[in-house]
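Notes follow once the structure below has been shown.
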Ligand code: FES
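In my numbering, the protein residues as written are 66 to 341.
If you want it as structure tokens, here you go:
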């Protein structure tokens, strides 16, 4: 284990953890945009900057910087807050009309951007590209162009034949601006809830119905990308979000016959009333 301090609070984390993970363990909030629990750190948005102590304090992106023994980290010094604001101004200048960016700018105290405005709706965090490649093993989209012309698109800017319309790119987009119609001409297939006779939708991992006994979540192998692909490394994103570590891809369906309590040799409980 590695021991470090964040905002003067001591924390212990496993080797290989990042400063962001250590801060999460302490319940310290650090703003992020390009970070996702399921994906390798990338360090694109620079909103998660923190200041590392030492003879020459320096700013580092907490989502990529590894926790180190004895490190002293400050998450809200004047320098950190000022630099985060500049980063936010750059994002706001790029996507001035995107509600999530406007909201985050307000949270960080940025009212206006001093930089020339663009009318974009992508912050180039690369989450969509990474989830498609790293988790789905598809690679239907990628960065194209350079410098100010850089953007995200399918190859040759044509509809991708590889896209499996899983919607992962849309789900991970931190500013909710991915439009599947720009990537593929295939129709998304919403998953209808059997319990609601198809009137409602459900995800691939779900509790079958509100009164289910036991009230436990199940994975639908017909729609889960991991099971459908048949490839061991594909997706498995739910593992990163289940703090209880309860996801088991090997578990098979089984039918259990439950006998009523009266047949299990248990005595019904009798409550004694005092009548005196
Ligand atoms: Fe760390 Fe974007 S969240 S650089």
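Glycine included, each C-beta is placed from N, C-alpha and C at the ideal position.
Classification of residue i by the beta-carbon crowding that lies within 10 angstroms, buried from 16 upward
i, result
"residue 149", "buried"
"residue 240", "buried"
"residue 71", "buried"
"residue 140", "buried"
"residue 307", "exposed"
"residue 156", "buried"
"residue 216", "exposed"
"residue 326", "exposed"
"residue 180", "exposed"
"residue 114", "buried"
"residue 337", "Bear in mind that a pLDDT of 40 at residue 337, under 50, signals an unreliable position, so the number given afterwards is only what the model happens to contain. Its Cβ having fewer than 16 others within 10 Å, residue 337 is exposed."
Own chain, CB closer than 6 Å to residue i, minus 5 neighbours either side, in chain order
i, result
"residue 100", "128"
"residue 182", "158 and 161"
"residue 146", "none"
"residue 322", "none"
"residue 292", "286"
"residue 265", "258"
"residue 251", "230"
"residue 122", "116"
Option in the options with minimal Cα separation from residue i
i, options, result
"residue 283", "277, 270, 293 and 290", "270"
"residue 184", "175, 117 and 213", "213"
"residue 97", "136, 200, 165 and 253", "165"
"residue 274", "163, 292, 260 and 143", "260"
"residue 289", "176, 235, 203 and 256", "256"
"residue 231", "300, 120, 309 and 176", "300"
"residue 76", "310, 309 and 134", "134"
"residue 287", "74, 189, 267 and 171", "267"
"residue 174", "312, 154 and 309", "154"
"residue 74", "319, 303, 121 and 138", "138"
"residue 203", "176, 220 and 254", "220"
"residue 188", "317, 176, 167 and 120", "167"
Sequence-distant residues of its chain with Cβ nearer than 7 Å to residue i (five each side left out)
i, result
"residue 218", "206 and 209"
"residue 132", "67, 69, 78, 82, 83, 84 and 87"
"residue 345", "There is no way to answer for residue 345, as the model of the chain reaches only from 66 to 341."
"residue 142", "116"
"residue 163", "186, 240 and 242"
"residue 80", "67"
"residue 235", "243 and 245"
"residue 302", "103 and 200"
"residue 190", "98, 99, 109, 110 and 239"
"residue 176", "none"
"residue 312", "303 and 304"
Own chain, CB closer than 8 Å to residue i, minus 5 neighbours either side, in chain order
i, result
"residue 108", "99, 126, 128 and 129"
"residue 272", "280, 281, 282 and 283"
"residue 253", "230, 232 and 245"
"residue 172", "96"
Cβ distance (whole Å) where residue i is taken to contact residue j below 8 Å
i, j, result
"residue 196", "residue 233", "5 Å"
"residue 111", "residue 169", "Not a contact, Cβ separation roughly 13 Å."
"residue 103", "residue 305", "4 Å"
"residue 201", "residue 229", "7 Å"
"residue 124", "residue 136", "Not confirmed; about 14 Å, so no contact."
"residue 199", "residue 309", "Between residue 309 and residue 199 the Cβ distance is about 24 Å, and since that is not below 8 Å, they are no contact."
CB contact check: residue i to chain D, cutoff 9 Å
i, result
"residue 186", "In the displayed structure, chain D is absent; only one protein chain is listed."
task = Say whether the segment 223-231 touches the segment 247-259, bearing in mind that this needs 3 or more beta-carbon pairs closer than 8 Å, one atom from each stretch.
result = yes
ask   = On the three-pair Cβ rule with 8 Å, is the segment 83-94 touching the segment 290-300?
value = no
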